Amino acid sequence: MSRLVVVSNRVGPLRGATKAGGLAVALADALRTRRGLWFGWSGEVRDGPQGHEVQAQSLGGVTRAVIDLTSTEHDDYYNGFANRCLWPLFHFRLDLATFDRRYYEGYQRANQRFAQALTPLLRDDDLIWVHDYHLLPFGETLRDMGARQRLGFFLHIPWPVREILTALPHHEHLVRALFSYDLVGFQTEADLLRFQDYVLREAGGSQRGNRLYAYGRSVIAQAYPIGIDTDQFATLAASDEAGHEAAKLKAAIFDRTQIVGVDRLDYTKGLPERFQAYEKLLELYPEAHGQVSFLQIAPTSRGEVQEYIDIRHQLDALAGHINGRFAQLDWTPLRYINRAITRRQLAGIYRASRIGLVTPLRDGMNLVAKEYVAAQDPDNPGVLVLSRFAGSAKQMAAALIVNPYDPVGVAEAIETARHMPLAQRRDRHRALMHELRRSDVASWSQNFLTALDHAVAAVPPGVPA
Ligand code: GDG
Numbered sequence: 473m474s475r476l477v478v479v480s481n482r483v484g485p486l487r488g489a490t491k492a493g494g495l496a497v498a499l500a501d502a503l504r505t506r507r508g509l510w511f512g513w514s515g516e517v518r519d520g521p522q523g524h525e526v527q528a529q530s531l532g533g534v535t536r537a538v539i540d541l542t543s544t545e546h547d548d549y550y551n552g553f554a555n556r557c558l559w560p561l562f563h564f565r566l567d568l569a570t571f572d573r574r575y576y577e578g579y580q581r582a583n584q585r586f587a588q589a590l591t592p593l594l595r596d597d598d599l600i601w602v603h604d605y606h607l608l609p610f611g612e613t614l615r616d617m618g619a620r621q622r623l624g625f626f627l628h629i630p631w632p633v634r635e636i637l638t639a640l641p642h643h644e645h646l647v648r649a650l651f652s653y654d655l656v657g658f659q660t661e662a663d664l665l666r667f668q669d670y671v672l673r674e675a676g677g678s679q680r681g682n683r684l685y686a687y688g689r690s691v692i693a694q695a696y697p698i699g700i701d702t703d704q705f706a707t708l709a710a711s712d713e714a715g716h717e718a719a720k721l722k723a724a725i726f727d728r729t730q731i732v733g734v735d736r737l738d739y740t741k742g743l744p745e746r747f748q749a750y751e752k753l754l755e756l757y758p759e760a761h762g763q764v765s766f767l768q769i770a771p772t773s774r775g776e777v778q779e780y781i782d783i784r785h786q787l788d789a790l791a792g793h794i795n796g797r798f799a800q801l802d803w804t805p806l807r808y809i810n811r812a813i814t815r816r817q818l819a820g821i822y823r824a825s826r827i828g829l830v831t832p833l834r835d836g837m838n839l840v841a842k843e844y845v846a847a848q849d850p851d852n853p854g855v856l857v858l859s860r861f862a863g864s865a866k867q868m869a870a871a872l873i874v875n876p877y878d879p880v881g882v883a884e885a886i887e888t889a890r891h892m893p894l895a896q897r898r899d900r901h902r903a904l905m906h907e908l909r910r911s912d913v914a915s916w917s918q919n920f921l922t923a924l925d926h927a928v929a930a931v932p933p934g935v936p937a
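This is the structure:
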C-alpha cells in the first residue's frame, strides 16, 4: 500500500481524537493505516527565517510536518484570497467577495512555498491528497517542481455556478490548475454538475464518463459526500459525561422545548435569518411563549476579517432585540453563546435538544446536521430542521427541509417539529441514521483513496483534448 500524504491548510492533532472534529479524526485514521504524512500550516504567524523551516513530529507511524506563515502570507493568502475572495465567491456571495491582485499573488506564492517545503519529504510512490480551497493550485505547483505521484484534490465547500465563478479575474488559472490532479472530488452531485458545466461551456472541454478533458489535459471528477464517525458520535452522546451536560441543560430550561443551533460564526450559516425566523415563530405562535428555548452556539471564526466582524455585530443586535421584545421575568427566549464548547458538551446538548436548527444559506455539506441526528436517543429522538442549501440535504430527505430565506416557512417547520408525534420522529430518525451509517467518514476517505489509487494519470490515446 502506498504511503498517504495529506496536505491541508490546517493540520489536525494526531492525538486527542474526541477533542478534534470528525474530519481530523478520519484523516488521522487513514494516515495511521497507511503510515502517512500530514503537511500544512502550523497555525502560527512568524516573520523571519525560523518561520521557513519545516517542523516535523512523528507519533504512532504518522508524521505531522508544518510550516509557519509570515504575516504577509497570513494577510494575503489566508485572510485575503482564501477567506475574502474564494470563500464568499464559492458560497455564491459575489457581493461579499474582494478582488485584490495582491491577495491573488500572495495566494500563489504561499502555494509555492508549501510545495517547496513538501517536495523534499516526498517519496516516488506516495499517494497525495490535497484539501480545500486554500490549495487549489497546489497540485499544479507540485507538478511544475517535478512531482509524478498520484495527486487527488477534495473541495469541502460548494463549487459555484459558472456565472459567479467567471466574475473572478483568475478563474481560468484556477480551474486549469485543477487539471494537474488525477482525481478531483466534490461534496455533492450538484457541485460536480456545476464544475462540469464550467469545463464544457467556459473552457470548451469535453467529457467521457467521469473524465473531463480541457486545456490539453484530463482529470477524473466525482462526488464524494463527506460523513461523520456516526457510531462514535452516537456513543459519545449516550455516554455519562454527555448525559451530565444534557442534564445540566434540561435543569436550566425546565421542560421547555429546546431548540439548538451550532455553527462557526460565518455569514454562510444563515444566522441572522435563523434568528429572524425564531422571532417570526414567537410572533406567529404566542402559545409558544415560555414553551420554547433557543440556544445558539456560534464560536467566533476568522475574527480579523471585516465581514465576520460585521456579522457578529448584527447577531449581537438581533439577539438583544429578540430578548428585549419577548423575554419574561422567568423566560429568556434566546441564549446566544459566542464561544466554543467541548465536543462532549456539544454531544450532550444535541441529545437534550428536541429540535436541531441547521439553516445555512449555502454549505458544502454541513456536519452539524449529521452530528445532531447521530446524537439523538433512538427511543425518543429530536427533529432536524435542515436548509435545502446544505449539501447534506440531499442525503437527509427525512429531515424537515426548509428554505432559510423564508422566515415564515422556517417558523412553521419549527412548529411542526415541536408537535411531531413520537412514531413519526422515530421513523424519520431511523431513515436518517440508516443513511449516516451507510456513508460515514471512514467510507468517504476509503472511497476517495481507492479511486485515487486506481486513477491513471495519462490521458488515454485518441480522446478529444
Ligand atoms: C467545512 C464546510 C463541510 C462547531 N462549533 C463547535 C464545534 N463545531 C464543530 C461541529 C462540526 C464542525 O465544527 C463544523 O463543521 P461543518 O461541516 O458544520 O462546517 P464548516 O466548519 O464550515 O466545514 C462544510 C465541512 O467543511 C467538512 O467537509 O461539511 O460544508 O463548510 O464538526 O461540531 N465543535 C466544538 N465546539 C464548538 O463550539 N467542539
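First residue of the sequence shown? That's 473 in the numbering used here, and the numbers climb one at a time after it. Positions of the beta carbon are idealized from the N, C-alpha and C atoms, including for glycine. From a predicted model like this one, the values you see are computed outputs, not experimental measurements.
**OP:** Specify the secondary structure class of G689 as computed by DSSP and reduced to three states.
**Re:** Here residue 689 turns out to be Arg, not Gly, going by the sequence shown. DSSP, reduced to helix, strand and coil, places R689 within a strand of the structure shown.
**OP:** Just the C-alpha distance for D782 and S678, rounded to the nearest angstrom, thanks.
**Re:** Whole-angstrom Cα-Cα distance: 43 Å.
**OP:** May I ask whether a heavy atom of the ligand GDG can be found less than 7 Å away from the beta carbon of D501?
**Re:** Not under cutoff, so the answer is no.
Original post:
Does the Cβ of T922 have 16 or more other Cβ atoms within 10 Å, making it buried, or fewer, making it exposed?
Top reply: By the neighbour-count rule (16 or more Cβ atoms within 10 Å), T922 is not buried but exposed.
**OP:** My understanding is that D912 touches G624, with C-beta atoms under 8 Å, so please give their C-beta distance in whole angstroms.
**Re:** Wrong, their Cβ atoms sit about 20 Å apart, outside the cutoff.
Original post:
What do you reckon, is the C-beta of I698 under 7 Å from a heavy atom of the ligand GDG?
Top reply: For the ligand GDG, a non-hydrogen atom lies closer than 7 Å to the CB of I698.
Original post:
Would the beta-carbon of P805 fall within 8 Å of that of A812?
Top reply: If you check the CB distance, P805 and A812 do not come in under 8 Å.
Original post:
Would you call the region 836-844 and the region 882-890 in contact, with 3 or more CB pairs under 8 Å?
Top reply: They do not touch, by the three-pair rule.
Original post:
Which one of A619, P850, E577, F564 has the shortest CA to CA distance from E545?
Top reply: Closest in alpha carbon position to E545, among A619, P850, E577, F564, is E577.
**OP:** Go through its chain and collect everything with a Cβ distance to Q817's Cβ below 6 Å, but skip five positions before and after it.
**Re:** Annotation for Q817: E717 place their beta carbon closer than 6 Å to its own, counting only its chain and skipping 5 residues before and after.
**OP:** Taking only heavy atoms of the ligand GDG into account, decide whether any of them is closer than 7 Å to the Cβ of N838.
**Re:** Because some heavy atom of the ligand GDG lies under 7 Å away, the Cβ of N838 counts as near it: yes.
Subject >> Cβ neighbours of L599 in the same chain (closer than 8 Å, five flanking residues each side left out) >> reply: In the same chain as L599, and ignoring 5 residues on each side of it, the C-beta atoms closer than 8 Å to its own belong to S474, R475, L476, V477, R506, Q621, R622, G624, L921, L924, D925, in chain order.
**OP:** Tell me whether E745 is buried or exposed, calling it buried when 16 or more other Cβ atoms sit within 10 Å of its Cβ.
**Re:** Label assigned to E745: buried.
Subject >> Buried or exposed by the 16-neighbour rule on C-beta atoms within 10 Å, applied to D654 >> reply: The residue is buried, with at least 16 neighbouring Cβ atoms inside 10 Å.
Original post:
Do you know offhand how far G829's Cα is from G618's?
Top reply: Here residue 829 turns out to be Leu, not Gly, going by the sequence shown. Distance between the alpha carbons of L829 and G618: 48 Å.
Original post:
Where does E776 sit, in a helix, a strand or coil, going by DSSP?
Top reply: Looking at E776 - three-state DSSP - the assignment turns out to be coil, as it is neither helix nor strand.
**OP:** Leaving out five residues on either side along the sequence, give the residues of the same chain with a beta carbon under 6 Å from the beta carbon of A749.
**Re:** Result list for A749: P879, V882, A883, in chain order.
Original post:
Got a sec? Which residues, its chain only, sit under 7 Å from R823 by beta carbon, not counting five neighbours each side?
Top reply: Here R823 has A709, A714, A718, A847, Q848, D849 as same chain residues with Cβ atoms under 7 Å from its own Cβ, once five neighbours each way along the sequence are excluded.
Subject >> Test item: CB-CB of V764 and T831 under 8 Å >> reply: By the CB criterion at 8 Å, V764 and T831 fall outside the cutoff.
Subject >> Beta-carbon contacts of R689 that lie in its chain and below 6 Å, excluding the five residues immediately before and after >> reply: Annotation for R689: F651 place their beta carbon closer than 6 Å to its own, counting only its chain and skipping 5 residues before and after.
Original post:
Does the Cβ of P876 have 16 or more other Cβ atoms within 10 Å, making it buried, or fewer, making it exposed?
Top reply: So P876 counts as buried.
**OP:** Take every Cβ of the region 896-911, pair it with every Cβ of the region 864-873, and state whether three or more of those distances are shorter than 8 Å.
**Re:** Taking a cut-off of 8 Å for Cβ pairs, the region 896-911 and the region 864-873 touch, as three or more such pairs fall below it.
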